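Mapped onto the UniProt record's numbering, the consecutive letters of the sequence shown carry residue numbers 1 to 345. Note that CB positions come from ideal geometry on N, CA and C, so glycine has one too. All of these numbers come straight from a predicted model, not from anything done at the bench.
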Amino acid sequence: MQFSLARVPEPLLLVLLAFVTSRFPAVSALQGDSWCGTLMCVEATVNASTVTYELKALNQLGWMAIGFGSTMANSPMVILWQTANGTTMLSQREASSRVEPLPVAHPPRLASVPPRANISPSVPPILVFDIPKNNDTVQSLIWAFGVTPPDASPDAQIEQHLDAGTLSLDLTKELDEGSGSPSSSIATLNGASQANSLLVVHAALSAAGFLILLPMGSLVARWSRIFTSKWFTAHWFINVVLGIPFICVGWALGPLAVAQQGREHIVTVHQICGVILFVLYIIQVALGTLIHVRRPKHGRAHPPRNVVHVVLGLALFGLSIYEVCMPGSCLQDAVHSHIISSVTS
């Protein structure tokens, strides 16, 4: 005996449809938002009573943190890091100013690490925590990233961050099904990719100027004078004609990339050393020009200003090596970001 819906009275079908609809309500789209910088990404997913935050490292991971506020002072923070065995450590802290944040026994909202977060490690590392929802649909957050892992204790001392900044998340945005990321994240990732490209060019031009051209110009001045009296022309050409475009353009791209990421200027050691390097280079070029214009026809072979010129050149070279090799330099960040992109693509 065959059954056909065509034989069922229409009023009864409407009643059955209403019953099924009431028992199985339509699944609403997930909501949340995401943000990416050059060191880390933050993704928020709104659940029934909690918000899940995923913090993805784009550099050598020590610890990552976000804080609920627009400044470091008095903003409740959630700091995450991994132990040697892969366990995610969570510490909720606050700071009264720009100092190391201290653990808080009773935070406004208690965050927790979901059990699934410790199951499988990922590359790049992704650290996850849940926190109860509040009434803020658009969140102003601070973020920080460190490269030195703290000890395996929520109360462990935390070394100063490599970099930090602010971000904003709109938790009313709909997430794309399957991807778990908002449709607006494509523009965010494109912006981060553009900033990374600027950092690559910044690192390449600056390294070429400070680590190749300037030492080459110094060696030319030191050794070619043995063979010819025209050594100054080559010395001047390398340090000024070639050096100024490489160094000035390369240096200017650094603040431009920082501005595109919405980060603070001249706050990290790398940024401060970069400003000092650029100022010393301008002084060195001006001093060299003065020495050449006012060189004595007779008298001391090495007057004091010549000695200062030599010492300043050595200081420039040494500081340049430190600037490139220090943890968190733009060259290391750029290379590491491209490696991460290759692994995850």
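With contacts defined by Cβ atoms closer than 9 Å, Q157 and P150 form a contacting pair. Under a 10 Å Cβ-count criterion, G318 is classified as exposed, with fewer than 16 other Cβ atoms of the shown protein chains found around its own Cβ. Checking the DSSP bridge columns, you'll see K56 partnered with C41 and I126. About 7 Å separates the CB atoms of W81 and G62; that is less than 8 Å, so the two are in contact. If only uninterrupted alpha helix (DSSP H) runs of at least 4 residues are considered, those enclosed by the stretch 241-298 are 243-260 and 269-293. Take L169, set aside five residues on each side of it, and the residues of its chain with a beta-carbon closer than 6 Å to its own are D33, A44 and Q139, in chain order.
Distances from the alpha-carbon of L287 to those of L277, V308 and L90 put V308 closest.
Note: I142 is bridge-paired with G67 and T166 in the DSSP secondary-structure output. Annotation for I79: the continuous beta strand (DSSP E) segment containing it runs M77 to Q82. Counting of Cβ neighbours within 10 angstroms places K230 among the exposed residues, the total staying below 16. Here T172 is exposed, its C-beta having fewer than 16 other C-beta atoms within 10 Å. Separation of the CB atoms of L205 and N239 is rounded to 15 Å, and the pair is thereby denied contact status at 8 Å. By the criterion of a C-beta distance shorter than 8 Å, Y322 is surrounded in its chain by C273, once the five residues flanking it on both sides are discounted.
Straight through space, the alpha carbons of M326 and V311 are spaced by roughly 22 Å. By the Cβ rule, the stretch 216-226 does not count as touching the stretch 265-272, because fewer than three pairs are nearer than 8 Å.
Taking all protein chains in view, the Cβ of R225 is surrounded by fewer than 16 other Cβ atoms within 10 Å, so the residue is classified as exposed.
Between N85 and V147 a beta carbon distance of about 20 Å is seen, past the 8 Å cut, so the two are scored as non-contacting. Here DSSP, grouped into helix, strand and coil, assigns A95 to strand. For E100, the closest alpha carbon among the candidates M77, F68, A315 and F246 is that of M77. Taken atom to atom, the span from the alpha-carbon of E174 to that of Q31 is near 4 Å.
Each of G165, E54 and C41 was checked against the Cα of D130, and the nearest Cα belongs to E54.
In terms of CA proximity to A203, W251 leads the group W251, A144, I282 and V113. Contact between V324 and A207 holds: CB atoms are separated by about 6 Å, below the 8 Å threshold. DSSP places M72 in the coil class of the three-state scheme, outside both helix and strand.
Here D155 is exposed: its Cβ has fewer than 16 other Cβ atoms, across all protein chains shown, within 10 Å.
In the DSSP assignment, S112 forms a beta bridge with D130. Leaving aside the five residues that flank S153 on each side, the residues in its chain whose CB is nearer than 8 Å to its CB run, in chain order, M89. With a threshold of 16 other beta carbon atoms within 10 Å, L102 falls short and is exposed. For the pair N196 and P296, the Cα-to-Cα distance works out to about 49 Å.
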